[in-house]
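Going down the list, the sequences are from chains A and B.
Be aware that the first sequence starts at 1, since it is given in the working numbering, and climbs by one per residue.
Be aware that the second sequence starts at 1, since it is given in the working numbering, and climbs by one per residue.
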Amino acid sequence: MTGTLRPVLELVDVQRTFQVSRGMWKGKKNLYAVNGVSLGVNKGDVLGLVGESVCGKTTLARMLLGLLPPTRGQILIDGRALAGEDRRTLSRKIQPIFQDPYSSLNPRKRVGSIISLPLRVHKVGNRSRWHQEVEEMLDLVGLPRRVYHSYPGQLSGGQRQRVAVARALIMHPEVVICDEPTSSLDVSVQAQILNLLISLRKELGLTYLLISHNLAVVEHLATRVAVMYLGRIVEEAETDRLFQRPRHPYTRALLESVLTPEPGLGVPAVHLGAGFPNPLDPPAGCTFHPRCLSVKPECSEKAPPSRKDEEGMVACHLYS
Amino acid sequence: MTHLLEVEDLHVDIPVPAGELHAVRRVSFTVQPGETLCLVGESGCGKSMTALAIMNLLPQVARRSAQVLSFSRKDLLRLSEREMADIRGDRMSMIFQEPMTSLNPSYTIGNQLMEALLRHRQGSRSAARKRAVFLLEKVGISAAKSRLGQYPHQLSGGLRQRVMIAMALMCEPELIIADEPTTALDVTIQAQIFHLLKDLQREFHMAMILITHDLGIVARVADRLAVMYAGQIVETGTAQEVFASPLHPYTHGLLSCIPVPGKTKRGEFLGSIPGIVPTPIGQTRGCSFHNRCPWANLDCASGDPEIRPLSLNRGYRCHLEPEVLKKKGQAVLE
């Protein structure tokens with residue numbers, strides 16, 4: 001980490017395994033969903049986390065929220081270990097915004113009660129204070145005050161996602177985990193929610209962890225980007241650097257496959273040989289080597305070390 | 001010029017308790033052999049309904065009407081269900097949105113692939129099996145022979161979508177309708193699938209109607225595109241024309257909403273379209289976009305504009321002159 005800035009969120013060699021049954025007689029096997037991830041997010045930064053599905057992004061997010069304990073390693077928030085913290089103190093510091101605003105809001109509760117629930121749980125202020133704070137929050141996220149008494153079913157997708165944002169922000173957390181915040185929304189609504197996230201970050205000095213498979217959104221919002229493959233971070237760098245000069249072959253393949261809205265360029269040929277490997281039985285050595293174009297003999301033998309330099313972090317034998 | 005598919009003044013109405021839902025209104029377009037037409041729009045704009053209307057797969061309560069709906073000189077409006085079933089899957093086939101739900105879980109992949117060929121062509125099972133293996137290999141599935149005996153749940157999402165594509169190709173159709181074929185898939189697989197579809201299209205000289213809301217896909221895949229809003233086509237043109245100089249205010253709005261690498265500055269606000277789509281139920285007055293349009297005037301609230309053709313493939317549905325729209329669009333960009 002650079003300078004005197006202390007990371008507000010820090011992960012040290014975090015690992016999470018799941019026991020997966022393979023049938024009646026075969027016993028259980030360990031699935032390494034997240035395998036030795038170390039990351040730091042500075043205050044005010046937006047860390048974009050990208051990768052294909054089943055690479056462990058969501059497991060990582062769930063651990064950060066305290067919904068899953070890590071099997072090994074430490075998660076520090078503001079320099080304090082997450083493991084020792086009580087759920088309540090934790091939830092004041094870190095809050096989620098989920099992908100699907102249709103299933104993440106209780107359909108039987110009114111918007112006002114959904115947004116004020118954290119205040120009630122934490123016993124902050126009194127009834128009239130709650131009402132006032134919720135109304136201020138509604139203003140902040142750009143919802144009319146009259147939706148206070150509406151049910152989520154009466155709102156559009158974009159409005160619901162605004163409610164989810166308001167609920168996440170009412171306790172003034174430092175870190176917000178956005179797990180695919182716009183992928184279930186239409187293009188025009190997506191732009192509204194992204195604009196909201198941008199302006200809230202400026203106004204409240206928030207730190208985001210943005211998990212998304214939409215690389216255009218990540219490029220637009222993130223200040224740093226981490227690329228994840230089969231439970232490991234394979235490259236981490238500043239956004240400009242990563243998009244202009246990707247180093248890891250997987251990052252390159254990922255960026256190549258993005259269909260940017262530029263007509264006339266045609267569909268790119270993606271050089272990713274074999275399909276995604278079975279996470280239960282990951283390839284030996286570098287887990288990316290069966291699909292890698294620049295594969296070397298040592299790649300199938302030993303896992304590449306993570307190398308840190310002024311350009312960021314990369315885990316590949318090409319750079320070690 | 002003979003069109004492969006000609007649609008003129010297509011309407012789809014669905015009776016709902018609150019009245020009549022006009023899902024598709026006055027939609028007209030043509031598709032030439034071998035070309036790709038993209039129907040673009042946000043959810044609820046009627047693009048999937050248009051596809052289902054062409055295939056005659058609409059829900060039973062829906063009513064379809066059109067001036068012309070012809071497929072290689074056959075009038076689809078007058079065909080019986082049996083005659084339509086002869087065309088469907090043979091000369092015209094569809095790739096559905098969700099590979100998870102559109103394969104039958106209780107039949108093997110091989111069974112489902114061969115079914116279309118056995119239904120339409122009087123061939124032997126072994127010939128059908130050969131064709132299935134050939135196509136599975138074409139769509140990039142390894143060990144195709146052993147896949148034939150597998151069930152859909154044994155395959156990943158990307159593989160299932162490839163199976164769907166292979167299935168649509170079994171009888172070498174002249175037209176493929178692909179309804180959001182890659183929404184549930186990763187970007188890497190998405191690129192592979194479109195690469196494959198484009199290759200196959202060239203090889204078999206198929207036409208394709210691609211339905212999507214992703215403007216990135218449209219830009220890279222489409223020859224021509226039709227932007228839909230609230231059940232109507234609001235702008236048509238080649239991909240180059242529409243992306244370089246959009247005319248309809250809605251297209252302007254859509255294009256300003258997406259971050260483009262190198263053009264939009266990081267962390268700056270994106271454009272947005274204020275307001276919400278009008279309800280498709282009951283009668284509408286005026287242009288369907290007028291309540292959200294930044295350039296609307298009094299005319300817009302009273303008269304619904306017709307499509308103004310500019311050239312053979314270019315047209316837009318707005319009261320304003322093209323020069324005015326271009327100027328206003330320029331001003332927004334600056």
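Glycine included, every Cβ here is placed at the ideal spot set by N, Cα and C.
#1: Note down, one range per segment and in chain order, each beta strand (DSSP E) of at least 3 residues found wholly within the segment 77-157 of chain B.
#2: Give me the Cα-Cα distance between B/Gln330 and B/Lys265, rounded to the nearest whole angstrom.
#3: Closest to B/Glu8 by C-alpha separation, out of B/Gly267, B/Arg88, B/Glu137 and B/Thr50, would be which residue?
#4: Since A/Asn126 meets chain B, which of its residues come closer than 8 Å, beta carbon to beta carbon?
#5: Spatial neighbours of A/Val12 within its chain, please: C-beta separation below 6 Å, excluding the five flanking residues on both sides.
#6: Can you name the residues of chain B whose CB is closer than 9 Å to the CB of A/His289?
#7: Taking a Cβ distance cut-off of 7 Å, strictly less, list which residues of the segment 4-36 of chain B are near chain A, in chain order.
#8: Which partner residues of B/Pro15 appear in the DSSP bridge assignment?
#9: Is there a Cβ of chain B sitting closer than 8 Å to that of A/Ser212, yes or no?
#10: Find the residues of chain B that neighbour A/Gln192, judging by a C-beta separation of less than 8 Å, and give them in chain order.
#11: Quick one: does B/Thr279 have its CB under 8 Å from some CB of chain E?
#12: What are the residues in the segment 253-268 of chain A lying within 8 Å of chain B by C-beta distance?
#13: Does DSSP put A/Lys332 in a helix, a strand or coil?
#14: From which residue to which residue does the beta strand (DSSP E) around B/Phe71 run?
#15: Distance, Cα to Cα, B/Ala128 vs A/Glu52?
#16: Could you work out which residues of chain A lie near B/Cys257, taking near to mean beta carbons separated by less than 8 Å?
#17: Can you list the residues of chain B that A/Leu221 reaches, using a CB-CB cut of under 8 Å?
#18: Quick one: which unbroken beta strand (DSSP E) runs of 3-plus residues sit fully inside the segment 73-105 of chain A? Chain order, please.
#19: So B/Leu230 and B/Ser311 are in contact, right, with Cβ under 8 Å, and what is the actual spacing, rounded?
#20: Examine chain B for any beta-carbon lying closer than 8 Å to the beta-carbon of A/Glu358, and answer yes or no.
#21: Can you give me the Cβ contacts of B/Gln97 inside the same chain, cut-off strictly under 6 Å, excluding the 5 residues immediately before and after it?
#22: For A/Asn333, name the three-state secondary structure that DSSP assigns.
#23: Take every Cβ of the segment 234-246 of chain A, pair it with every Cβ of the segment 166-177 of chain B, and state whether three or more of those distances are shorter than 8 Å.
#24: Report the option in B/Lys138, B/Ser43, B/Ile193 and B/His252 whose CA atom is closest to the CA atom of B/Pro294.
#25: DSSP three-state call for B/Val324: helix, strand or coil?
#26: In whole angstroms, give me the CA-to-CA distance for B/Lys327 and B/Leu320.
#27: Less than 8 Å separating the beta-carbons of A/Val314 and A/Glu235?
#28: Starting from A/Ala216, find everything on chain B with Cβ-Cβ shorter than 8 Å and list it in chain order.
#29: Is DSSP giving A/Met1 helix, strand or coil here?
#30: Okay, do the segment 55-69 of chain A and the segment 89-101 of chain A touch, 3+ Cβ pairs below 8 Å being the bar?
#31: Taking all protein chains shown into account, decide if A/Gly3 is buried (16 or more other Cβ within 10 angstroms of its Cβ) or exposed.
#32: With distances taken between CB atoms, is the gap from B/Pro99 to B/His153 smaller than 8 Å?
#33: Tell me, please, which residues DSSP counts as bridged to A/Arg224.
#34: For B/Val163, would you say it is in contact with chain A, using Cβ-to-Cβ distances shorter than 8 Å as the test?
#35: Please state if the CB of A/Ala191 and the CB of B/Cys318 are separated by a distance shorter than 8 Å.
#36: Which value, in whole angstroms, describes the spacing of the CA atoms of A/Ser104 and B/Pro322?
Quick answer:
#1: DSSP runs (the beta strand (DSSP E)) wholly in the segment 77-157 of chain B: 92-95.
#2: Inter-residue distance for B/Gln330 and B/Lys265 is about 18 Å (C-alpha atoms, whole angstroms).
#3: Cα-wise, what sits closest to B/Glu8 is B/Thr50.
#4: The premise fails here: A/Asn126 is roughly 36 Å from chain B at the closest Cβ pair, so nothing lies under 8 Å.
#5: If we look at A/Val12 and ignore the five residues flanking it on each side, its Cβ neighbours are Ser38, Gly73 and Gln74.
#6: By Cβ distance, chain B contributes nothing, its closest Cβ being about 16 Å from A/His289, past 9 Å.
#7: Residues of the segment 4-36 of chain B with a C-beta atom less than 7 Å from some C-beta of chain A do not occur.
#8: Under the DSSP definition of a beta bridge, B/Pro15 partners with B/Glu20.
#9: At a cut-off of 8 Å between beta carbons, A/Ser212 makes no contact with chain B.
#10: Under the 8 Å cutoff, chain B gives Ser272.
#11: Here the protein chains are A and B, and chain E is not one of them.
#12: Contact residues of the segment 253-268 of chain A toward chain B are Ala253, Leu254, Glu256, Ser257, Val258, Leu259, Thr260, Pro261, Glu262, Pro263, Gly264, Leu265, Gly266, Val267 and Pro268 (C-beta to C-beta distance below 8 Å).
#13: Because chain A is modelled from 1 through 320, residue 332 of chain A falls outside the range shown and cannot be assessed.
#14: Val68 to Phe71 is the span of the beta strand (DSSP E), which, as asked, contains B/Phe71.
#15: In this structure, the straight-line span from the alpha carbon of B/Ala128 to that of A/Glu52 is close to 35 Å.
#16: From the beta-carbon of B/Cys257, the residues of chain A found nearer than 8 Å are Val187, Ser188, Gln190 and Ala191.
#17: Per Cβ cutoff of 8 Å: Arg266 and Gly267.
#18: DSSP runs (the beta strand (DSSP E)) wholly in the segment 73-105 of chain A: 94-97.
#19: The amino acid at residue 230 of chain B is misidentified as Leu; the sequence shows Ala. B/Ala230 to B/Ser311, Cβ: 25 Å. No contact.
#20: The requested residue 358 of chain A is not part of the displayed model; chain A covers only 1 to 320.
#21: Within the same chain, B/Gln97 has close Cβ partners Asp179 and Glu180.
#22: A question about residue 333 of chain A goes unanswered here, because the residues of chain A that appear run from 1 up to 320.
#23: Because the criterion of three Cβ pairs below 8 Å is not met, the segment 234-246 of chain A and the segment 166-177 of chain B do not touch.
#24: Closest in alpha carbon position to B/Pro294, among B/Lys138, B/Ser43, B/Ile193 and B/His252, is B/His252.
#25: Judged by DSSP in its simplified three-state form, B/Val324 adopts helix.
#26: C-alpha of B/Lys327 to C-alpha of B/Leu320: approximately 11 Å in a straight line.
#27: Their beta carbons are under 8 Å apart, which means A/Val314 touches A/Glu235 by this criterion.
#28: For the C-beta of A/Ala216, the chain B residues within less than 8 Å are, from N- to C-terminus, Gly216, Ile258, Pro259, Val260 and Pro261.
#29: Low per-residue confidence applies at A/Met1: pLDDT is 43, beneath 50, and the placement is therefore not dependable enough to give any value.
#30: Yes, the segment 55-69 of chain A touches the segment 89-101 of chain A.
#31: Bear in mind that a pLDDT of 45 at A/Gly3, under 50, signals an unreliable position, so the number given afterwards is only what the model happens to contain. By the Cβ-count criterion, A/Gly3 is exposed, with fewer than 16 other Cβ atoms from all chains shown falling within 10 Å of its own Cβ.
#32: Their beta carbons are not under 8 Å apart, which means B/Pro99 does not touch B/His153 by this criterion.
#33: The partner list for A/Arg224 (beta bridge, DSSP) reads A/Leu47 and A/Glu238.
#34: No - not a single Cβ of chain A is within 8 Å of the one on B/Val163.
#35: Contact: no.
#36: Each residue's alpha carbon lies about 44 Å from the other.
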